[in-house]
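> Have a look at this one.
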Amino acid sequence: MFAFPAEILTEIGSHLDPSSQRTARLTSRALNAALEPLVLRLFPLNVHLLSKSGALELMADIVAGRSNWPRYAKTLQVLRRWDPKQGMAPEDEDVVKAKAAMLAQVLERMSGMRSIYWCIRDRDFVWMHTAVQGALMSFPMLENLDVQIMKPEILAVNIAAIRNLKTLTVTAYPTLYSEEVTSIEKQAAMVVAQSPGLVSLHLMHRDYDCVWTSLPADIPLTTLHTDSVTPGLLRYLASHSGMTDVDLYVHANSAAAANALAATFFAAVLPRHAPTLVSLAFRSSYESHWSIGPQSIDVFRDLHLPRLTHLNVTVNKADLVDAAAEHNAVAMALNLIPRLPALKMLQIGYSSSEGTRRARCGNPRLMHGRTMRDAISTAVADFRTETDAGFAGVELRAWGSPSGVYELAPVPSASDGEAGPAWGFVARPLTPEQEAIAKQVAPAVFLC
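Every number in our numbering is 170 more than the matching position in the sequence shown, counting from 1.
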């Protein structure tokens with residue numbers, strides 16, 4: 171095997187998990203040389219690695235050119251990883267300064283980076299994040315940026331000068347941090363404006379209307395995930411075309427505001443992108459017309475969604491609990507399946523009730539959730555179809571199944587005694603691994 175060309179050995183190694191790759195590198199020089207580009211593609215940064223006794227020496231080797239990491243590194247991964255039982259042992263101030271200076275030099279040499287996954291949260295080394303911030307403009311080939319700002323107080327993030335991205339993800343929790351000179355929302359708008367080839371955009375937990383109102387009309391955007399759904403976003407989507415992956419989670423100040431946005435979405439946005447959509451998810455934090463029900467079902471029945479493989483929706487209590495059979499929202503959603511020829515997965519969930527919007531106690535939300543879970547599982551169990559045509563092969567994710575998944579199977583006929591074969595969705599059993607996890611998870615308890 172070691173006589174194989176390096177390209178063949180590299181291809182073989184690409185099918186091994188990282189641990190096996192590291193082991194294989196120890197067996198021969200040929201395998202080590204072939205697997206090195208794979209192993210060194212990822213450059214990880216975290217408290218655990220930077221706290222090791224050999225961290226400074228490793229960084230010195232990289233800076234001195236004694237390591238091939240700068241040659242092969244394509245992804246920078248900055249995650250929190252440390253042992254909470256051990257805590258963060260204090261280091262000598264001079265050692266910390268030396269590591270910080272050396273890390274800055276290391277990152278400057280990683281000019282081939284194409285992707286950055288950067289998570290900023292508590293109990294991290296501030297100097298680690300400062301070094302990453304300072305090196306952002308050292309990556310001229312950067313195409314994919316994923317920034318998660320879980321602890322804004324640690325660092326005043328500045329990504330505004332980055333350009334020519336293909337994918338941008340910003341998850342930034344709200345903050346009163348006064349040193350945020352330019353808000354992350356405005357920075358995201360700048361990055362988008364400077365990235366004419368942007369195809370994927372994920373923006374969460376802030377008001378990104380400044381992005382939506384300045385989106386260039388000619389960017390080839392095909393993927394959009396956000397919980398900042400505004401009239402500006404819907405206007406952009408109504409004027410754009412070619413979206414393949416849309417995930418919208420609506421936070422509105424009232425049901426009326428959410429319903430107004432939903433009316434625009436179903437009338438002007440969804441028909442525009444129906445021919446190209448592969449994955450679609452739309453939900454709202456509180457019950458509204460962003461759901462499957464009488465207010466939206468006719469739109470879906472009239473649309474042709476030839477490429478849609480994944481659909482994630484919610485149903486409202488009024489359209490499910492005590493609803494007439496012809497208005498049962500779960501049955502409506504399930505009966506859409508034959509109309510979606512490429513569908514592989516349908517997910518049905520629920521939103522919080524409007525009555526819990528300003529509730530100070532968790533019990534109303536808990537009771538609503540219990541009612542909805544029971545109603546969804548009952549509606550799925552009661553669903554019947556005379557044929558598996560159009561339903562077979564579709565995975566249903568909904569409440570009631572221990573595994574969270576249902577599959578189509580022959581079932582007894584409906585309780586009214588109708589003759590003939592019937593099909594329905596039955597729960598997929600738990601795997602042994604899932605059973606072990608389920609035994610360890612305690613039920614949640616909400617108290618006022």
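Backbone N, C-alpha and C define an ideal beta-carbon position, used for all residues, glycine too.
What do you reckon, are the CB atoms on Asp397 and His372 nearer than 8 Å?
No, the Cβ-Cβ distance between Asp397 and His372 is not below 8 Å.
> Assuming contact is defined by CB atoms lying nearer than 8 Å, are Val317 and Trp288 in contact in what I supplied?
In contact: Val317 and Trp288 (Cβ atoms closer than 8 Å).
> Under 8 Å, with one C-beta from each stretch per pair, do the stretch 454-462 and the stretch 472-488 reach the 3-pair mark?
Yes: the two stretches touch, three or more of their Cβ pairs being nearer than 8 Å.
> For a quick check, are the C-beta atoms of Ala597 and Ser573 less than 8 Å apart?
Closer than 8 Å, so yes.
> Just mark Arg453 as buried or exposed, buried being the case when its beta carbon has 16 or more other beta carbons within 10 Å.
Its Cβ being crowded by 16 or more others within 10 Å, Arg453 is buried.
> Extract the residue ranges of the beta strand (DSSP E) inside the stretch 363-425, only unbroken runs of 3 or more that lie entirely within it.
Correct list: 370-374, 393-396 and 415-420.
> Is the distance from the Cβ of Thr323 to the Cβ of Ala305 below 8 Å?
In the sequence under discussion, the amino acid at residue 323 is Glu, which differs from the Thr named in the question. Cβ distance not < 8 Å, so Glu323 and Ala305 don't count as in contact.
> Jot down the residue ranges of each uninterrupted alpha helix (DSSP H) in the stretch 415-503, minimum 4 residues, whole runs only, in chain order.
Qualifying alpha helix (DSSP H) stretches, in chain order: 425-434, 440-443 and 467-472.
> Taking the DSSP output, what are the residues bridged to Ser285?
In DSSP, Ser285 forms a bridge with Thr245 and Asn314.
> Would you mind reading off the limits of the alpha helix (DSSP H) that contains Arg540?
First-last of the alpha helix (DSSP H) with Arg540: Asn533 to Asp552.
> How big is the Cα-Cα spacing for Pro207 and Leu219?
Approximately 20 Å, taken between the alpha carbons.
> Return the first residue and the last residue of the alpha helix (DSSP H) that Gly304 is part of.
Per DSSP, Gly304 belongs to the alpha helix (DSSP H) from Val296 to Ala305.
> Apart from the five residues on each side of it in sequence, which residues of its chain come closer than 6 Å, Cβ to Cβ, to Leu385?
Here the set comprises Tyr406.
> On the DSSP bridge assignment, give the partners of Ser522 in chain order.
Bridge partners of Ser522: Tyr456.
> Buried or exposed: where does Cys531 fall if 16 or more other Cβ atoms within 10 Å of its Cβ makes it buried?
Cys531 is exposed by the Cβ-count criterion.
> Look up Val217 in the DSSP assignment and say whether it is helix, strand or coil.
Val217 falls in the helix class under three-state DSSP.
> Cα separation between Gly560 and Pro580?
Those two C-alpha atoms are separated by around 14 Å.
> Does DSSP classify Leu513 as helix, strand or coil?
Looking at Leu513 - three-state DSSP - the assignment turns out to be coil, as it is neither helix nor strand.
> Grouping DSSP H, G and I as helix and E and B as strand, with all else coil, what is Leu338?
Of the three classes helix, strand and coil, the one that applies to Leu338 here is strand, per DSSP.
> Is the beta carbon of Ala393 less than 8 Å from the beta carbon of Val369?
According to the sequence provided, residue 393 is Thr. The question's Ala does not apply to it. Yes, these two residues count as a Cβ contact at 8 Å.
> In whole angstroms, give me the CA-to-CA distance for Arg293 and Gly412.
Spanning the two alpha carbons is a distance of roughly 42 Å.
> Please classify Lys267 as buried or exposed, where buried requires at least 16 other C-beta atoms within 10 Å of its C-beta.
Under this definition Lys267 is an exposed residue.
> Does the stretch 414-423 come into contact with the stretch 490-510, if we say contact requires no fewer than three beta-carbon pairs (one atom in each stretch) closer than 8 Å?
The stretch 414-423 vs the stretch 490-510: no contact.
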